[in-house]
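In my numbering, the protein residues as written are 841 to 1077.
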Amino acid sequence: MSTNNEKISIANIEVDVVRKDIKNMHLAVYPPTGRIRLSAPNKTDADVVRLFAISKLGWIKKHVKNFQNQPRETEREFVSGESHYVQGKRYLLEVVEASGHPRVYFSGTKKLIMQIRPQTDRATRARIMREWYRKQLKAEIPLLLAKWEKRMGVTANDWGVKRMRTKWGACNIDDKRIWLNLELAKKPRIHLEYIIVHELVHLLERHHNDRFVAYMDEFMPKWRLYREGLNGLPVGI
Ligand SMILES: [Zn+2]
């Protein structure tokens, strides 16, 4: 097996070639930068690999562009002075060490306090924050859901919040269950409402077709604006 790091450049896009004991070539795109990797069988000729990459140029360009368009959340350390967003509003984090159960709470209109035990590591801080966001979001959803169900004349049987890498929401149409991305806790409330409306429309129309768009226009005329606001996919996970 070759230990060389093969690289090819197609239309100014760099592609890493990784040789493996496999039968077919395949492409993949990797976060956080959208690096393109082409896995190729050990014995495949370099020219053949190159031709394969060229034949997939459309795919490569599309994925590179997707990554470039995604606003990525900067890596958080959960230390004092960091900015954190709640319902679209920026708060300054203040970390306070104390024994006792960890908690997160607002202080005034600009501060978010995270009380943790001494020597709490980053992963635990992240989890404490995530669970707090989950609680915030879960407290918001029932009223908004009820409001839109009434307006739209539909009812979801169940709803939930989860971490999703590529979607803001999801709808299991057969079970009438709606899923909302935990990241929505950080976004302005209208964006959460937009996703709720979108998922509820799926109870009226399964596909993203003209009929679906007509429902969106009817229930939430400015939905395109809110979609714009969400701008790409949530990859802050
Ligand atoms: Zn949809």
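Glycine residues also receive a C-beta, built at the ideal position from the N, C-alpha and C atoms.
Ligand 1 and residue i: does the residue's C-beta get closer than 8 Å to at least one heavy atom of that ligand?
i, result
"His1048", "yes"
"Glu854", "no"
"His1031", "no"
"Glu980", "no"
"His866", "no"
"His903", "no"
"His1042", "yes"
"His781", "The question about residue 781 has no answer here: the residues shown for the chain are numbered 841 through 1077."
On the DSSP bridge list, what partners appear for residue i?
i, result
"Ile848", "Val855"
"Gln955", "Val936, Arg943"
"Leu878", "Val857, Leu867"
"Lys1002", "Asn1021"
"Ser923", "Leu932"
Does DSSP put residue i in a helix, a strand or coil?
i, result
"Gly1069", "helix"
"Ala1010", "strand"
"Pro982", "helix"
"Ile862", "coil"
"Lys1062", "coil"
"Ala996", "coil"
"His1047", "coil"
"Ser842", "In this prediction, Ser842 has a pLDDT of 41, which is less than 50 and means its spatial position is unreliable; what the coordinates show is noted afterwards. Three-state DSSP puts Ser842 in coil, outside helix and strand."
"Leu891", "helix"
"Arg970", "helix"
"His1031", "helix"
"Glu915", "coil"
"Lys896", "coil"
"His903", "helix"
"Asp885", "coil"
"Thr960", "coil"
"Asp1057", "helix"
Hey, is residue i's beta-carbon within less than 9 Å of any beta-carbon in chain D?
i, result
"Lys1027", "No chain D is part of this structure, which consists of one protein chain only."
Is it the case that the segment 887-906 contacts the segment 991-1002, given that we only count it when at least three CB pairs across the two stretches are under 8 Å? no
Using 8 Å as the threshold, is the segment 1039-1052 in touch with the segment 1005-1018, meaning 3 or more CB pairs across them? yes
Could you tell me whether the segment 956-966 touches the segment 1000-1014, using the rule of 3 or more Cβ pairs below 8 Å? no
Should the segment 1022-1030 be called in touch with the segment 970-987, which here means at least 3 C-beta pairs below 8 Å? yes
At a cut of 8 Å, does the segment 845-865 reach the segment 873-890 through at least three beta carbon pairs? yes
Does the segment 932-940 come within contact of the segment 983-997, defined as at least 3 CB pairs closer than 8 Å? no
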